[in-house]
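Heads up, the sequence shown is in our numbering, so the first residue is 1036 and it goes up one at a time. Built from N, CA and C at the ideal position, the CB exists for glycine as well. Please read these numbers as outputs of a predicted model, since none were measured by experiment.
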Amino acid sequence: METLISPEIFGSHAIAFFTGKSPGIDLDKISKIVSVNKKKIFFPIQKHTDKVLLLDSDFSPRIADAVITKDKGVLIGVQTADCVPVLLCDINKSIFGVVHAGWKGTAAEILKKTIRLMLDKFSSSPDDIRIALGPSIRWCCYHVGYDVLESVMRVTGDGHYHTRKIDAYCLDLATANKYQAISVGIPEKNIWMSQECTYCYPDRFYSYRYAKGTTGRQGGFIGII
1036 METLISPEIF
1046 GSHAIAFFTG
1056 KSPGIDLDKI
1066 SKIVSVNKKK
1076 IFFPIQKHTD
1086 KVLLLDSDFS
1096 PRIADAVITK
1106 DKGVLIGVQT
1116 ADCVPVLLCD
1126 INKSIFGVVH
1136 AGWKGTAAEI
1146 LKKTIRLMLD
1156 KFSSSPDDIR
1166 IALGPSIRWC
1176 CYHVGYDVLE
1186 SVMRVTGDGH
1196 YHTRKIDAYC
1206 LDLATANKYQ
1216 AISVGIPEKN
1226 IWMSQECTYC
1236 YPDRFYSYRY
1246 AKGTTGRQGG
1256 FIGII
């Protein structure tokens, strides 16, 4: 059964959705769902960087973990299997973006850098930016070493996004990214967050940790078609 999660926070300003195992990142299926040529669907080459790509008419593959575009008729996406897929849209200026935020990207403030680029390059107002954080591994299942936790805490600051169990540090990357977005001026009411954990629902979502290695990918997609 296909899993499509469409955050209501974007209203009619953009086509935005997260997928589960089906349709996953199957471009033939995605193109039919949104009625867009699959040649107009763009994924960056993800390497857990902090690089934000400004996409224009050049659809050649490039390394980045975030993409921003103002072009209509285009669907941009990221692939995830525990990391946080983030969708953004300036509803006033029709600028939209996607972010792939694993712990390395979160520690490198990739969402904050994406938002700042929207503010600086396109003169977006934080009040006009809507954000959706899709299904990802949550702190119920994401146990990390102190070095990982510390690297995220250093740039995120205080907040209820981590806890301690007897034998593990538990980190919630989605909530950490929410705090980071708020820290650069995005109103909390402008942020939607999925409550689903990819590890807890292996029948619906791919989870790298659950699979203990190689697995498929689901996606987060946004565009103005």
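Suppose the cutoff is 6 Å on Cβ atoms and the five residues either side in sequence are ignored; what does the same chain contact list for residue i look like?
{"i": "Asp1163", "result": "Asp1125, Ile1126, Asn1127"}
{"i": "Arg1173", "result": "Asp1207, Cys1232"}
{"i": "Ser1229", "result": "Gly1169, Pro1170"}
Residue i bridges to which residues according to DSSP?
{"i": "Asp1125", "result": "Ile1130, Ile1164"}
{"i": "Val1087", "result": "Ala1101"}
{"i": "Phe1053", "result": "Ile1040, Gly1255"}
{"i": "Phe1077", "result": "Ile1111"}
{"i": "Pro1311", "result": "Residue 1311 lies beyond the stretch modelled for the chain, which goes from 1036 to 1260, so this question has no answer here."}
Among the options, which residue has its Cα nearest to the Cα of residue i?
{"i": "Ser1057", "options": "Pro1161, Ala1136, Glu1037, Leu1184", "result": "Glu1037"}
{"i": "Gly1251", "options": "Ile1060, Ala1049, Leu1110", "result": "Ile1060"}
{"i": "His1195", "options": "Tyr1204, Lys1082, Ala1211, Asp1155", "result": "Ala1211"}
{"i": "Val1134", "options": "Phe1053, Lys1224, Ser1218", "result": "Phe1053"}
{"i": "Arg1097", "options": "Lys1086, Ile1080, Val1113, Ser1160", "result": "Ile1080"}
{"i": "Gly1108", "options": "Glu1185, Lys1156, Cys1175, Phe1131", "result": "Phe1131"}
Suppose the cutoff is 7 Å on Cβ atoms and the five residues either side in sequence are ignored; what does the same chain contact list for residue i look like?
{"i": "Thr1141", "result": "Val1187, Leu1208, Ala1211, Asn1212"}
{"i": "Leu1152", "result": "Val1087, Ile1103"}
Report back the beta-carbon spacing between residue i and residue j to the nearest angstrom; my notes put them in contact at under 8 Å.
{"i": "Ile1221", "j": "Ile1050", "result": "The Cβ separation is near 21 Å, so there is no contact."}
{"i": "Thr1115", "j": "Ser1171", "result": "7 Å"}
{"i": "Ser1242", "j": "Asp1117", "result": "5 Å"}
{"i": "Leu1090", "j": "Ile1103", "result": "7 Å"}
{"i": "Glu1144", "j": "Val1113", "result": "The pair is not a contact, with the Cβ atoms about 17 Å apart (cut-off 8 Å)."}
Just to confirm my understanding: we take residue i, look at its own chain, exclude 5 residues before and 5 after, and list those with CB closer than 8 Å. What are they?
{"i": "Asp1063", "result": "Lys1073"}
*Note down, one range per segment and in chain order, each alpha helix (DSSP H) of at least 4 residues found wholly within the region 1161-1230.*
1181-1191, 1208-1218
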